[in-house]
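Trainee: Take the sequence shown: its position 20, counted from the start at 1, is 19 in my numbering, and no numbers get skipped.
Glycine residues also receive a C-beta, built at the ideal position from the N, C-alpha and C atoms.
As the structure is a prediction and not an experimental result, all values here were calculated from the model.
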Amino acid sequence: MRINPIKYQETVTLELKAIQDRVRYLIADGNWAEEGRYKEEILKGVIAKRLPGNLSIGSGFIVREANNGDIERSKQVDLIIYDNTIPLLFKEGDFIITTPSNVKAIIEVKTRLASDKETLDKIFKSATDNGKMLAPCRFNGIFSYNSGSLITDQNIKEYLVTALKCSKGVINHLCIGENYFVKYWSNGNPTNRGYDNRPCYSIYEINQLSFSYFISNLIESLSLEIEMFDRQWFLFPIEGGKESKKIADVFVDN
0 MRINPIKYQE TVTLELKAIQ DRVRYLIADG NWAEEGRYKE EILKGVIAKR LPGNLSIGSG
60 FIVREANNGD IERSKQVDLI IYDNTIPLLF KEGDFIITTP SNVKAIIEVK TRLASDKETL
120 DKIFKSATDN GKMLAPCRFN GIFSYNSGSL ITDQNIKEYL VTALKCSKGV INHLCIGENY
180 FVKYWSNGNP TNRGYDNRPC YSIYEINQLS FSYFISNLIE SLSLEIEMFD RQWFLFPIEG
240 GKESKKIADV FVDN
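1) Taking 6 angstroms as the cut-off, is the C-beta of Ile56 nearer than that to any heavy atom in the ligand GDP?
2) Counting along the chain, where does the beta strand (DSSP E) carrying Ile70 start and finish?
3) By the DSSP assignment, the beta strand (DSSP E) with Cys199 in it spans what residues?
4) Please tell me whether Trp244 and Glu204 are closer than 7 angstroms, where the distance is taken between their beta carbons.
5) What are the complete beta strand (DSSP E) segments, minimum 3 residues, inside the region 106–149?
6) Helix, strand or coil: which one does DSSP assign to Tyr37?
7) Does the structure place the region 3–11 close enough to the region 236–243 that three or more beta carbon pairs sit under 8 angstroms?
8) Is it the case that the region 115–123 contacts the region 66–81, given that we only count it when at least three CB pairs across the two stretches are under 8 angstroms?
9) Output the distance between the C-alpha atoms of Glu14 and Asn191, rounded to the nearest integer angstrom.
10) Tell me whether Glu177 sits in a helix, a strand or coil according to DSSP, three-state version.
11) Helix, strand or coil for Tyr24, going by three-state DSSP, please let me know.
12) Terminal residues of the continuous alpha helix (DSSP H) containing Lys164?
13) Would you kindly report the start and end of the unbroken beta strand (DSSP E) that includes Leu78?
14) Is the Cβ-Cβ distance between Gly168 and Pro198 less than 7 angstroms?
15) Anyone know if the C-beta pair for Ser73 and Ile61 falls short of 7 angstroms?
16) On a CA-only basis, which of Gly68, Lys16, Glu40, Ala162 is nearest Thr127? Give me that one, please.
17) If I measure Cβ to Cβ from Tyr183 and keep anything under 6 angstroms in the same chain, skipping five residues before and after, which residues do I get?
18) Is it buried or exposed, Lys254, if we count other Cβ atoms within 10 angstroms and call 16 or more buried?
19) Mapping DSSP to helix, strand and coil, what is Tyr212?
20) Starting from the C-beta of Ser185, find all residues in its chain whose C-beta is less than 7 angstroms away, skip the five residues before and the five after it, and write them out in chain order.
21) Can you find the residues in the same chain that come closer than 6 angstroms, C-beta to C-beta, to Leu173, ignoring five residues on each side of it along the sequence?
22) For Ala17, which residues in the same chain have their Cβ closer than 6 angstroms to its Cβ, ignoring the five residues on either side in sequence?
23) Using a Cβ-Cβ cutoff of less than 6 angstroms, which residues in the same chain neighbour Asn96 once the five nearest sequence positions on both sides are dropped?
24) Roughly how many angstroms separate the alpha carbons of Arg21 and Glu91, rounded to a whole number?
25) Please check the pair Gln207 and Thr12, which I expect to be a contact at CB under 8 angstroms, by giving their CB distance rounded to whole angstroms.
26) Within 10 angstroms of its Cβ, does Ser100 collect 16 or more other Cβ (buried), or is it exposed?
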């Protein structure tokens, strides 16, 4: 049997969806808040298995001192990936409170992204405000198990486009169901460079691979100090690269 990295990465999606379905089959139309928390646990478990020993994952709050001396607090963050060699302010189980200095990435987890503008705007504003607490370019993602009606047959809801533009790259990675992946390019999409270097969000239709590409981009962002060219074939296995699957660019005015 030949090595097949695409099939391997597709199993990440299958694993996440299978565990999600097991819970739904057992609780039916039960406590959806509990189901949402369990979905955070599912994703946390998958990510934790891929982290190096110096990084841990939890949930909680980020606090910092503002320029005027006031202490600012983030909204509660679903998943925080942090450097465990730097002491936390508080830890109880997986719940943490810390400052930005040891935060490497934050992720909001949703069952599905809202299909109405008002709710979607609230989700994006919360994730954007949390991201502004961190050092620039830290991984700040939204992971949605289901796409809802935000993108259908490559038609993108205008209020999703508006929400992306308003975030201005603070949110830099999105997984919208198992088929759609969004990435922010601060210097323009690589395929556009040379003639259009405007910062943009690129939207990709990568069937059954959105979950794994989100996680692979996270892992790559956590390993910036280390060259990972020898595993690009594994992390990003689409032949010709995901750029061949791009369906749109959303340009951002900074």
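Mentor: Inspection of the coordinates gives the following:
1) The ligand GDP is not part of the structure shown, which contains no ligands of any sort.
2) For Ile70, the enclosing beta strand (DSSP E) has its first and last residue at 70–72.
3) 199–204
4) It should be pointed out that residue 244 corresponds to Lys in this sequence rather than to Trp. Cβ atoms of Lys244 and Glu204: closer than 7 angstroms.
5) 138–145
6) helix
7) yes
8) no
9) 35 angstroms
10) coil
11) Helix, per DSSP.
12) 157–166
13) Element bounds for Leu78: 76–82.
14) yes
15) Yes, Cβ-Cβ distance for Ser73 and Ile61 is below 7 angstroms.
16) The alpha carbon of Thr127 has as its nearest neighbour, out of Gly68, Lys16, Glu40, Ala162, the alpha carbon of Ala162.
17) Hits under 6 angstroms: Gly168, Asn171, Tyr200.
18) This structure gives no information on residue 254, because the portion of the chain shown stretches from 0 to 253.
19) helix
20) So the qualifying residues of the chain are Gly168, Pro198.
21) Ile141, Val181
22) When the five nearest sequence neighbours on each side are left out, no beta carbon in the same chain lies closer than 6 angstroms to the beta carbon of Ala17.
23) Just to set this straight, residue 96 is Ile in the shown sequence, not Asn. Cβ within range, chain order: Gly59, Phe60, Leu88, Phe89.
24) 28 angstroms
25) In this structure, Gln207 and Thr12 form a Cβ contact; the two beta carbons are roughly 5 angstroms apart against a cut-off of 8 angstroms.
26) exposed
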